[in-house]
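Under the numbering used here, think of the first position of the sequence shown as 89, with each following residue one higher. For glycine and all other residues, C-beta sits at the position ideal for the given N, C-alpha and C. Beneath this line is the structure, given in C-alpha cells, with notes to follow.
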Amino acid sequence: MAHTDITPPQASLPLSEHSRFIQRLHRRYEGLLDLLPSGAPTHATMAATLAALQAQGYALGAALRILRQLVMERLVHLDCDSQADLQTITQGVTELAELALDAACTAARAELDGRHGAPRDAEGNPVQLWVIGMGKLGARELNVSSDIDLIYIYEQEGETQGQPDGRGKISNHEYFIRAVKLIYQLIGETTEHGFVFRVDLMLRPNGNSGPAAISVAALEDYLQTHGREWERFAWLKSRIVAPLADIRTSNVQALRGAVLPFVFRRYLDYAVFDSLRSLHRQIREHAAKRSAGHPERANDVKLSRGGIREIEFIVQLLQVVRGGQFPELRCRATLEALQRLERASLMAPETAQALADAYVFLRKVEHRIQYLDDQQTHVLPTRDDDLRWMAQTLGYDDECRFLHQLDAHRELVAQEFDKLLGGNEACKSGQCGGARGAAASAPELETVLPKLPEAVRDRVLQWQRNPRYSYLSDAGRGRLVLLLQRTAQWLGQGQVSEIAAVRLADWMESLLRRESYLAMLQERPAVHEKLMHMLGAAKWPARYMLQHPGVIDELASDALMHERFNPQEFEADLERRRAALQSTAEDDDENLLNLLRRAHHAETFRTLARDIEQQITVEQVADDLSALADAVLRVTTRWCWGRLKSAHREEPQFGIIGYGKLGGKELGYGSDLDIVFVFDDDDERAPEVYSAFVRKLISWLTVKTGEGDLFEIDTALRPNGNSGLLVTSFESYANYQQQRGSNTAWTWEHQAMTRARFVMGSAELAARFDAVREAVITAPRDAVALGSEIATMRERVRSAHKVPAGLFDVKHSVGGMMDVEFVVQYLVLLHSACNPQLRPNLGNISLLRRAENAGLLPAGMGEAAANAYRALRRVQHLARLNEAPTQVPETALLEEQQTVRTLWKAVLQST
89 MAHTDITPPQ
99 ASLPLSEHSR
109 FIQRLHRRYE
119 GLLDLLPSGA
129 PTHATMAATL
139 AALQAQGYAL
149 GAALRILRQL
159 VMERLVHLDC
169 DSQADLQTIT
179 QGVTELAELA
189 LDAACTAARA
199 ELDGRHGAPR
209 DAEGNPVQLW
219 VIGMGKLGAR
229 ELNVSSDIDL
239 IYIYEQEGET
249 QGQPDGRGKI
259 SNHEYFIRAV
269 KLIYQLIGET
279 TEHGFVFRVD
289 LMLRPNGNSG
299 PAAISVAALE
309 DYLQTHGREW
319 ERFAWLKSRI
329 VAPLADIRTS
339 NVQALRGAVL
349 PFVFRRYLDY
359 AVFDSLRSLH
369 RQIREHAAKR
379 SAGHPERAND
389 VKLSRGGIRE
399 IEFIVQLLQV
409 VRGGQFPELR
419 CRATLEALQR
429 LERASLMAPE
439 TAQALADAYV
449 FLRKVEHRIQ
459 YLDDQQTHVL
469 PTRDDDLRWM
479 AQTLGYDDEC
489 RFLHQLDAHR
499 ELVAQEFDKL
509 LGGNEACKSG
519 QCGGARGAAA
529 SAPELETVLP
539 KLPEAVRDRV
549 LQWQRNPRYS
559 YLSDAGRGRL
569 VLLLQRTAQW
579 LGQGQVSEIA
589 AVRLADWMES
599 LLRRESYLAM
609 LQERPAVHEK
619 LMHMLGAAKW
629 PARYMLQHPG
639 VIDELASDAL
649 MHERFNPQEF
659 EADLERRRAA
669 LQSTAEDDDE
679 NLLNLLRRAH
689 HAETFRTLAR
699 DIEQQITVEQ
709 VADDLSALAD
719 AVLRVTTRWC
729 WGRLKSAHRE
739 EPQFGIIGYG
749 KLGGKELGYG
759 SDLDIVFVFD
769 DDDERAPEVY
779 SAFVRKLISW
789 LTVKTGEGDL
799 FEIDTALRPN
809 GNSGLLVTSF
819 ESYANYQQQR
829 GSNTAWTWEH
839 QAMTRARFVM
849 GSAELAARFD
859 AVREAVITAP
869 RDAVALGSEI
879 ATMRERVRSA
889 HKVPAGLFDV
899 KHSVGGMMDV
909 EFVVQYLVLL
919 HSACNPQLRP
929 NLGNISLLRR
939 AENAGLLPAG
949 MGEAAANAYR
959 ALRRVQHLAR
969 LNEAPTQVPE
979 TALLEEQQTV
989 RTLWKAVLQS
999 T
C-alpha cells in the first residue's frame, strides 16, 4: 500500500494524530468538526449535525458524506486517546448507517412518489420497502471501515398510483428497483467527499444475478426452494434497519415468518457442520490466494487462522444447530450470543470469557488497522512505526508485547474452532468435502455388513426395504455407513453390546428422514458411544429415545453426570425461552406447548442417564422426577392463566394438591399425576373462571403435539371422585376432608391424605392446606375399626391384581410394597396425634424409622422394613426400565417378603 509523505506526530500530540486518515480529515474539514456535538456520536447528535450541514447549503448526499468524516474523526479520538470501549465505536458506526439509510430511503421514495405515485397492493394498501442489514450491520457491530451488506425487500407486488392525470404508473417491482439505485447514489457512490458506506448486495437471493429488490413472497419461495446452508448463517444476523418509521409496524411479521423457519429448524440441526466447514475452507482458500506472492497479506486478523471470523463461526454454528429448539439462543451480537451460550451450558464459562476477550481485542486491532488510512483491510501493517502506534493505543509499551498477546488470542480461538469443527480429520488438513464429505469418504454398505453380528446385520438389511432409506441423500447415506462402521469397530473391541447395536439399528431406521441426527452422531463420537450404552442398558430408555430423539444431545454435556435437577434454573430457562419467542411474536399456544414438552423430555432424559449410570439412587430419581413435575405444573399454570381470556385478576387464587406418587415424591418414569384442584376466591365469577382454567390447564398438560405429551392427569381423588366438581373451593375441600356436613371423606381418602402435598399456590393457601391435612391425620380414631378398614381395603386392592401361582409381585403380593405402604398409613392415622414426628410427608422409609424411634414398632423392625421396601422398590424400578413384569419367582426376595409379613403381622394383625 502506498503511503503519502506525512510526518508522524510528535510525542506531545494525541496518539490519534498518527493516523494518516485523521491528518487528511483535519486538513479538509477542520472548520466543520465542531458541528458534531461533543462525546460519543449518537443518532440524535448525528441527526442534528446532518441538519446543520444541510442548513449550510450542502445537499443530502454531500451532507451525509461529510457527516461520516466527522463521525469517524470523533471515533478515532475516542478510541485511541480516551480508550473508549468497543461498543461505543461499533454503535456509533451502526447508528450512522441507520441514519443515512433512513434519510436516503425517505428521499428516494419522496422523489419516486412525485414521479409515479406511491406503490400499492391489489387492495390499494400502501406497500412498504424494508432495507435489511446483514452481517455486522444487522448485529449492530459495524467496524469503522465496514461495507454494509444490504438486501432490499418490499411487501407486495402491485403498481404505483401514478400521477393525478393517470400518467407515470409503473409496477411496484420497477419502483423499488429505481429506489435502490437512488439510495445507492446517496450512500455508496464516491464523490469529492468520499462515500458514506460501501454497499454490497451480494447476499441477496441469487447474488449478483438476482434483482436488486424482491417481494416477501419471492424471498420466501427462494429460501424454501433454493436457500443454501451458508445463507442461513447470513440471515441469522439479519435486521430491518430502515426506514425507521416502518421497523416497528406489524407488517414486518411477514418477513419474520419467511426468515425464521429458514434459519432455525425445529430439530437439532447438526447437518450444518459440514456446510460451515466448506464455507470456512473456501474463505481460507480465498485468503491464501490473496496472499500468494504477498506474504504481508497472510497476517489477517479477520480471515486468518484464529481470527474474528472463526469466533463468529463458533458462535453462529451453536446458534443455528440449537436455535430452533432453544429460542433464547437467537440473538445477533456476538458478545451477547457468547453469554447466552454460557447461560445455556453450551459453552464453559472460561471458554466464553476467553472468546469474548479475544473478540474484543481482535476487533480493536481491526479498527486500528483501518484508522491508519481508512482502508477496508484487516491485515496488520508492515511499517514498524504503525505497529508501534497500534501497540501504544492498546496500552502496550512496545509492539513485541502487543504481537505476543495477539498471537495468544488467535491461538486460543483456533484451538476452540478446531475442537468444535475439527472432528473430521480431512477438514483439519484443509481437505473437507463440504456437505458431501461424508458420502465421499464412506465405504459402501455392503463392505460394512460382514463386520456386523448376524442379528445386527439382519436388522440393517431390513432398511433396504424401507422407502426412507432409498430417499436418503448421498451425504446421509454416507453418514449412516460411517456410523455402522464405527459401531462394528466398537463391537469387535467389546466396547458395546450386540443388543445395543440392534437397538441402535431400530433407532436409526425410525430417523432415516431426519438426517440431522445421523450428522450429530457422526460429529460427536462420544455421544454415539454414550447413546449405545444407554440403548443397551434397558428397553424403556431405548423406546424413550425413539419417541424423543432430540434428547440425545444432552449426552454431549460433560457435566451431565455430576449435576442434579435444579427447579429454579429449569423455570428460569423456560421463561427466557418464552421471552425469546415473544420477541419474535412466535409465542402462540402450539410453540409454548412444544417448548414445555422439549424441556420436560430433556430433563427426564438427564435423570434417566444418571440413573442408568448409577450416579443417583432410586429415591433420588423419584425426588428429581417429582421436583420436575412440580416445576412443570408451576410454569404451565402461570402461562395458562396469562392466556386465559376470562381471567379476572392478575394472579390466580388457586392451588394444586398432589396425591399418590406425586404427593409422596415417588414419581417414576411415565407416572401419571394424581391431582386435586382448589381455588380460594370470593369473586362471584370464580367457579366459572377456575373451571375453564382447569380444563385449559389439563389440556396443556395432556394434549399430544408433535413433541409428545407431558403427563396423564388423574383427578379421581377430588371430593366425591369422578362425580364431583373438577375444581372446588378450598372451603368445600376442607369441610369434606374434616367430616363437616353430610358430604364427607371415606377412610381410604384419609389414607390418601397421609401422602398428600401442596404442590403449587400461594404460601397462605399452602399453610391452610397443611393445617387441614394435619387435622385429618391427627383426628382421634379407633384402632380396631381403622385396622379393619385398612385391611379390607388392602384385600380389595390385592384381589384386583391377581398374581399367577408360583410368582411374587413386588407391589401387590403378600409381603410386597403395598403392605408396607398400608402399614405406614395406619401408623400415621392412628398415632400422629401423639407423635408429631409422623406428621410430615417424608415417604415410607423415613416414616418407618421414625415409627421405630417412637416405640411404635419393635426394635430393629422399622429399619429392616425400610431396607426391604427399598430393595423391593429397586426391583420394581429395574423391571420397569426393562419393560419387564414386576413379578419374580416366589422363591426370590424371600428375606424381604418375610420382613414385610412380620411388619404387617406386628402392626395390623395385632389389632
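message: Assuming contact is defined by CB atoms lying nearer than 7 Å, are residue 878 and residue 916 in contact in what I supplied?
response: Taking the first residue of the sequence shown as 1, we reach residue 878 at position 790. Taking the first residue of the sequence shown as 1, we reach residue 916 at position 828. Taking a C-beta distance under 7 Å as the contact criterion, residue 878 and residue 916 do not qualify as a contact pair.
message: Tell me the rounded alpha-carbon separation between residue 946 and residue 687.
response: Here residue 946 is taken as the residue at index 858 of the sequence shown, counted from 1. Here residue 687 is taken as the residue at index 599 of the sequence shown, counted from 1. The straight-line gap from Cα to Cα measures roughly 47 Å.
- prompt: Short check: CB of residue 797 to CB of residue 803, under 7 Å?
  reply: Translated into the one-based positions of the sequence shown, residue 797 becomes position 709. Translated into the one-based positions of the sequence shown, residue 803 becomes position 715. No, these two residues do not count as a Cβ contact at 7 Å.
task: Jot down the residue ranges of each uninterrupted beta strand (DSSP E) in the stretch 810-873, minimum 3 residues, whole runs only, in chain order.
output: 815-817, 845-848
field: Distance between residue 808 and residue 824 (C-alpha atoms, nearest Å)
entry: Position 736 of the sequence shown, counted from the first residue, corresponds to residue 824. Position 720 of the sequence shown, counted from the first residue, corresponds to residue 808. Roughly 9 Å between the two C-alpha positions.
- request: Look up residue 793 in the DSSP assignment and give the residues it is bridged to.
  value: Looking up residue 793 in the sequence shown gives position 705. 796, per the DSSP bridge assignment.
query: Going by DSSP, which residues form a beta bridge with residue 761?
result: If you number the sequence shown from 1, residue 761 lands on position 673. Per DSSP, 801.
field: Own chain partners of residue 910 with C-beta closer than 7 Å, once the 5 adjacent residues on each side are dropped
entry: Start at 1 with the first residue of the sequence shown, and residue 910 comes out as number 822. Excluding residues within five positions, the ones whose Cβ falls inside 7 Å are 878, 882.
query: Secondary structure at residue 330, three-state DSSP: helix, strand or coil?
result: What you label residue 330 is simply residue 242 of the sequence shown in a count that begins at 1. Strand at residue 330.
Best match in 320, 584, 298 for proximity to residue 353 [C-alpha to C-alpha]: Within the sequence shown, residue 353 is the residue found at index 265, counting from 1. The residue with the shortest Cα to Cα distance from residue 353 is 320.
- request: Check the DSSP bridge columns for residue 286 and list the partner residues they point to.
  value: The residue you call residue 286 lines up with position 198 of the sequence shown. DSSP output for residue 286 lists 235 as bridge partner(s).
task: Output yes if chain C places a C-beta closer than 7 Å to the C-beta of residue 943; else output no.
output: Of the chains in the structure shown, none is chain C; there is only one protein chain.
query: Where does the unbroken alpha helix (DSSP H) through residue 396 begin, and where does it stop?
result: To locate residue 396, count along the sequence shown from 1; it is residue 308. DSSP places residue 396 inside the alpha helix (DSSP H), whose first and last residues are 396-410.
- prompt: So, residue 648 versus residue 710, is the Cβ gap smaller than 7 Å?
  reply: The sequence position of residue 648 within the sequence shown is 560, counting from 1. The sequence position of residue 710 within the sequence shown is 622, counting from 1. No. Outside cutoff.
task: May I ask you to report which of helix, strand or coil DSSP gives residue 714?
output: Working through the sequence shown from its first residue, we reach residue 714 at position 626. Helix, per DSSP.
Residue 218, enclosing beta strand (DSSP E) - first and last residue: The residue given as residue 218 occupies position 130 in the sequence shown. Counting along the chain, residue 218 sits inside the beta strand (DSSP E) bounded by residues 217-221.
- prompt: What three-state label does DSSP hand residue 559 in the structure shown?
  reply: Residue 559 sits at position 471 when you count from the first residue of the sequence shown. Of the three classes helix, strand and coil, the one that applies to residue 559 here is coil, per DSSP.
message: Considering only DSSP beta bridges, list what residue 249 is partnered with.
response: Along the sequence shown, read from residue 1 onward, the residue named residue 249 stands at position 161. Per DSSP, none; premise fails for residue 249.
Inside the stretch 910-937 only - beta strand (DSSP E) runs reaching at least 3 residues: none
field: Option in 238, 266, 277 with minimal Cα separation from residue 293
entry: The residue given as residue 293 occupies position 205 in the sequence shown. For residue 293, the nearest C-alpha among the options comes from 238.
- prompt: CB-CB under 7 Å to residue 250, same chain, minus the five flanking residues each way: which ones, in chain order?
  reply: Mapped onto the sequence shown, residue 250 falls at position 162. 204, 205, 256, 257.
message: Can you tell me whether residue 110 is helix, strand or coil according to DSSP?
response: Counted from its first residue, the sequence shown places residue 110 at position 22. Of the three classes helix, strand and coil, the one that applies to residue 110 here is helix, per DSSP.
message: Taking 7 Å as the threshold (C-beta atoms), are residue 166 and residue 151 in contact?
response: As a first step, residue 151 must be located in the sequence shown, where it is residue number 63. As a first step, residue 166 must be located in the sequence shown, where it is residue number 78. Contact flag unset, no.
task: Note down the Cα distance separating residue 857 from residue 929, rounded to an integer number of angstroms.
output: One-based indexing of the sequence shown puts residue 857 at position 769. One-based indexing of the sequence shown puts residue 929 at position 841. Rounded to whole angstroms, residue 857 to residue 929 spans 13 Å at the Cα level.
message: Could you check whether residue 995 and residue 908 sit closer than 7 Å to each other, using their CB atoms as the reference points?
response: Counting from one through the sequence shown, the residue named residue 908 turns up at place 820. Counting from one through the sequence shown, the residue named residue 995 turns up at place 907. Result no, Cβ atoms of residue 908 and residue 995 do not sit closer than 7 Å.
message: Which residue marks the beginning of the alpha helix (DSSP H) containing residue 891, and which one marks its end?
response: For the purposes of this step, residue 891 is taken as the residue at position 803 of the sequence shown. It is not in any alpha helix (DSSP H) - residue 891 carries neither H nor E in the DSSP assignment.
query: Pick from 281, 295, 306: whose alpha carbon is nearest that of residue 243?
result: By one-based count along the sequence shown, residue 243 stands at place 155. Residue 243 has its Cα closest to that of 306, out of 281, 295, 306.
- prompt: Is it a yes or a no for the stretch 848-856 touching the stretch 735-743, going by three-plus beta-carbon pairs under 8 Å?
  reply: yes
- prompt: Once you ignore the five residues that flank residue 500 on each side, which residues in its own chain have a CB closer than 8 Å to its CB?
  reply: Residue numbering aside, residue 500 sits at position 412 when the sequence shown is read from its first letter. 394, 442, 443, 446, listed in sequence order.
message: Spatial neighbours of residue 906 within its chain, please: C-beta separation below 8 Å, excluding the five flanking residues on both sides.
response: Locating residue 906 in the sequence shown gives position 818, where the first residue counts as 1. Around residue 906: 882, 885, 886, 899, 900.
- prompt: Could you give the uninterrupted runs of the alpha helix (DSSP H) lying entirely in the stretch 107-159, keeping only those of 4 residues or more?
  reply: 108-117, 131-143
- prompt: Which one of 846, 870, 693, 655 has the shortest CA to CA distance from residue 57?
  reply: Since the first residue of the chain shown is 89 and the last is 999, residue 57 is not available in this structure.
query: What is the DSSP secondary structure of residue 575, reduced to helix, strand or coil?
result: Taking the sequence shown and counting its residues from 1, one reaches residue 575 at position 487. Helix, per DSSP.
- prompt: residue 415 to residue 123, Cα distance in whole Å?
  reply: Taking the first residue of the sequence shown as 1, we reach residue 415 at position 327. Taking the first residue of the sequence shown as 1, we reach residue 123 at position 35. Looking at the backbone, the Cα of residue 415 and that of residue 123 are separated by about 44 Å.
message: Restricting to Cα atoms, I'd like to know which of 389, 262, 903 is closest to residue 1042.
response: What is shown of the chain runs 89 to 999, which leaves residue 1042 out entirely.
query: To which residues of the same chain is residue 937 closer than 7 Å at the C-beta, ignoring the five residues directly before and after it?
result: Taking the first residue of the sequence shown as position 1, residue 937 is located at position 849. Taken in chain order, the residues that qualify are 950, 951, 954.
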